[in-house]
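What follows is a single structure, written as structure tokens, with notes after it.
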Amino acid sequence: MNIYFFFHLIIFYINNLIYNNYLYIKKMKFTKFNHIVVFGGSQITLEFLKLLKKKKINFHYFTNKRQLSDNLINNSSLKNNLKKNEIRFFETEDINKNKLIKKVFTGRSLGLGFGQPWVFKKELLKLMNPNLVDFMGIPLPKFRGGAHYTWMILNKNFTGGCFIQNINENTIQGASDSGSYYDYTYYNYPRNLKTPKDFFNYSVLKEINFLKKFLKKISNDNSFRLKKFNKKDSVYFPRLISKLNSFINWDLNIDELVRFINAFSDPYPGAITFLNNRKVYLKNARIHKNNNFHSYSAGIITNIYEKKLFICAKGGIIKATGIFLGNKKSINKLKIGDRFSTELKLLQLAKIHKKF
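Note that our numbering has the sequence shown beginning at 4, numbered continuously upward.
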């Protein structure tokens, strides 16, 4: 009786693992490639393209107008960085209607997406799969969605990750993914990282190293098993737009306030507030001193010293080194005793997330 009990218990356990997608469900090998097609646009995309060029690996790169205009960590657009590095690109607003992709993608091609802005339709999926994958530089299944480093800073997350996912009709950047992955790694960020630029700079080294290993595994004819994420662990945060979502709420406590300002710092314009109806951008905040300052004190400039701004917050004083009035970096027009403030209407609108 005990034997039968344990036998049925084991069967139940295995079935439960399969049902909850803990077991590997597919196994495959990628075609040994002699050509890579890259989709999307970001800092890691640029670094990966530079790697392909250096290694003299044949490639084609497809992106769109919005991603070409995105600023990278050197505060220059992706388009300018591509031109500077003499990397050829093909701009298209709908990859499914692009004729070139259907000509260049062959049985020896590997497709690799980096936040591609399009949804691949059946015809292209049939052409490219199973040799079409998506790279995600986040600790999946957490921090799905967009504005990954901003959300990580806001929520004090110091775990990073790299994932290679399959691409299907459910792969919609910033909205949903296939729910499965072929390869991954996790790593930890140093606790002294403060801004998205800090996270970008640290992550890109880890990500390039991971991608090198992934390509080497394919070249070595390694097998890959497609494993599903555990859906109950999934965490999604929406995309953000700095000019709409970065308005400062001075009612936040000092720790939250510093994280909020830093989360919208370089390479982004900064967190927004107002002084005498004039828009001000704050960056690179630090806690200068913890004390019992009342929330009514929040926003008051207490000191200006060595081009640094000291501002009251709920529970202390913060120090900001990046102060922009309009598009110009200036501290001369600010005075001790001035108070920053943000209208309630703007704070409410900042919590509305525009889809794009």
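Ideal Cβ positions, reconstructed from N, Cα and C, are used throughout, including at glycine. Please read these numbers as outputs of a predicted model, since none were measured by experiment.
Could you name the residues of the same chain whose beta carbon sits closer than 8 Å to that of residue 159, not counting the 5 residues immediately before and after it, in chain order? Looking up residue 159 in the sequence shown gives position 156. Non-local beta-carbon contacts of residue 159 in its own chain, meaning distances under 8 Å to residues more than five positions away in sequence, involve 262 in chain order.
Under three-state DSSP, which class holds residue 24? If you number the sequence shown from 1, residue 24 lands on position 21. At residue 24, the pLDDT of 44 sits below 50, so the modelled position is not reliable; the number obtained from the coordinates is stated separately. Coil.
By DSSP, does residue 127 sit in helix, in strand, or in coil? Counting from one through the sequence shown, the residue named residue 127 turns up at place 124. Three-state DSSP puts residue 127 in a helix.
Where does residue 112 fall in DSSP's three states? Reading the sequence shown from its first residue, position 109 is the one you call residue 112. For residue 112, the secondary structure class from DSSP, reduced to helix, strand or coil, is strand.
Hey, how far is the Cα of residue 353 from the Cα of residue 156? Walking along the sequence shown from the start, residue 353 turns up at place 350. Walking along the sequence shown from the start, residue 156 turns up at place 153. Cα-Cα distance, rounded: 17 Å.
Beta-carbon within less than 6 Å of residue 221's beta-carbon, same chain only, minus the 5 sequence neighbours each way: which residues are those? Here the question's residue 221 lines up with position 218 in the sequence shown. Around residue 221: 33.
By the 10 Å Cβ neighbour count, where 16 or more other Cβ atoms means buried, how is residue 14 classified, buried or exposed? Numbered from its first residue, the sequence shown carries residue 14 at position 11. For residue 14, the predicted model reports a pLDDT of 49, less than 50, meaning its position is unreliable and no value from the coordinates is stated.
Tell me where the beta strand (DSSP E) around residue 63 begins and ends. Residue numbering aside, residue 63 sits at position 60 when the sequence shown is read from its first letter. 62-66 is the extent of the beta strand (DSSP E) around residue 63.
Using three-state DSSP, classify residue 278 as helix, strand or coil. Translated into positions along the sequence shown, residue 278 becomes position 275. Under the three-state reduction of DSSP output, residue 278 falls in the strand class.
Using CA atoms only, rank isn't needed, just tell me which of 153, 327, 36 is closest to residue 161. Here residue 161 refers to the residue found at position 158 of the sequence shown. That would be 153, whose Cα lies nearest to the Cα of residue 161.
Give the DSSP-derived three-state secondary structure of residue 55 in the structure shown. Here residue 55 corresponds to residue number 52 of the sequence shown, with the count starting at 1. Residue state, collapsed to three classes: helix.
Would residue 87 be called buried (16 or more neighbouring beta carbons within 10 Å of its own) or exposed? By 1-based counting over the sequence shown, the position of residue 87 is 84. So residue 87 ends up on the exposed side.
Answer with buried or exposed for residue 193, where buried requires no fewer than 16 other C-beta atoms within 10 angstroms of its C-beta. The count along the sequence shown starts at 1 and reaches residue 193 at position 190. Exposed, by the Cβ-count rule.
Residue 186 - partner residues in DSSP beta bridges: Along the sequence shown, read from residue 1 onward, the residue named residue 186 stands at position 183. Per DSSP, 167.
Just to confirm, are residue 307 and residue 314 a CB contact at a threshold of 8 Å? On the sequence shown, residue 307 is found 304 positions in, with the first residue counted as 1. On the sequence shown, residue 314 is found 311 positions in, with the first residue counted as 1. Not in contact: residue 307 and residue 314 (Cβ atoms no closer than 8 Å).
Residue 26 classed as buried or exposed, judged by whether at least 16 other C-beta atoms fall within 10 angstroms: In the sequence shown, residue 26 corresponds to position 23, counting from 1. Since pLDDT at residue 26 reaches only 46, below the 50 mark, its modelled position is unreliable, and the value read off the structure follows with that caveat. Flag for residue 26 reads exposed.
Residue 140 versus 150, 276, 270, 334, residue with shortest Cα-Cα distance: Your numbering for residue 140 matches position 137 in the sequence shown. Minimum Cα distance to residue 140 is reached at 150.
Is the distance from the Cβ of residue 227 to the Cβ of residue 190 below 8 Å? Here residue 227 refers to the residue found at position 224 when the sequence shown is read from its first residue. Here residue 190 refers to the residue found at position 187 when the sequence shown is read from its first residue. No, the Cβ-Cβ distance between residue 227 and residue 190 is not below 8 Å.
Under the rule that 16 or more other beta-carbon atoms within 10 Å means buried, what is residue 97, buried or exposed? On the sequence shown, position 94 is the one that residue 97 refers to. Exposed is the call here.
Is the segment 73-88 touching the segment 44-59 in the sense that three or more CB pairs, one from each, lie closer than 8 Å? yes
The beta strand (DSSP E) enclosing residue 235, as first and last residue numbers: Here residue 235 is taken as the residue at index 232 of the sequence shown, counted from 1. Note, residue 235: premise wrong, no beta strand (DSSP E); not H, not E.
At which residues does the alpha helix (DSSP H) containing residue 242 begin and terminate? In the sequence shown, counting from the first residue as 1, residue 242 sits at position 239. Premise fails: residue 242 is in no alpha helix (DSSP H) and is neither H nor E.
Residue of 231, 233, 267 minimising C-alpha distance to residue 243: Taking the first residue of the sequence shown as 1, we reach residue 243 at position 240. The candidate whose alpha carbon is nearest that of residue 243 is 267.
Keeping to the same chain, check which residues put their C-beta closer than 8 Å to that of residue 126; ignore five residues upstream and five downstream. Mapped onto the sequence shown, residue 126 falls at position 123. Closer than 8 Å at Cβ, skipping near neighbours: 99.
Given a cut-off of 8 Å on the beta-carbon distance, is the pair residue 67 and residue 94 in contact? Looking up residue 67 in the sequence shown gives position 64. Looking up residue 94 in the sequence shown gives position 91. Against a cut-off of 8 Å, the Cβ pair of residue 94 and residue 67 comes out as a contact.
Identify the residues that DSSP records as bridge partners of residue 405: which are they? Not covered by the structure: residue 405. The range shown for the chain is 4 to 359.
Would you report the Cα separation of residue 123 and residue 318, rounded to the nearest angstrom? Counted from its first residue, the sequence shown places residue 123 at position 120. Counted from its first residue, the sequence shown places residue 318 at position 315. Rounded to whole angstroms, residue 123 to residue 318 spans 50 Å at the Cα level.
Spatial neighbours of residue 55 within its chain, please: CB distance less than 7 Å, with the 5 preceding and 5 following residues excluded, ordered by chain position. In the sequence shown, residue 55 corresponds to position 52, counting from 1. These residues qualify, in order along the chain: 39, 62.
For residue 197, which of 50, 84, 288 has the nearest alpha-carbon? Within the sequence shown, the letter at position 194 stands for residue 197. Cα-wise, what sits closest to residue 197 is 288.
Starting from the C-beta of residue 49, find all residues in its chain whose C-beta is less than 6 Å away, skip the five residues before and the five after it, and write them out in chain order. Along the sequence shown, one-based indexing puts residue 49 at 46. The residues 84, in chain order, have a CB closer than 6 Å to that of residue 49 in the same chain once the five nearest residues on each side in sequence are set aside.
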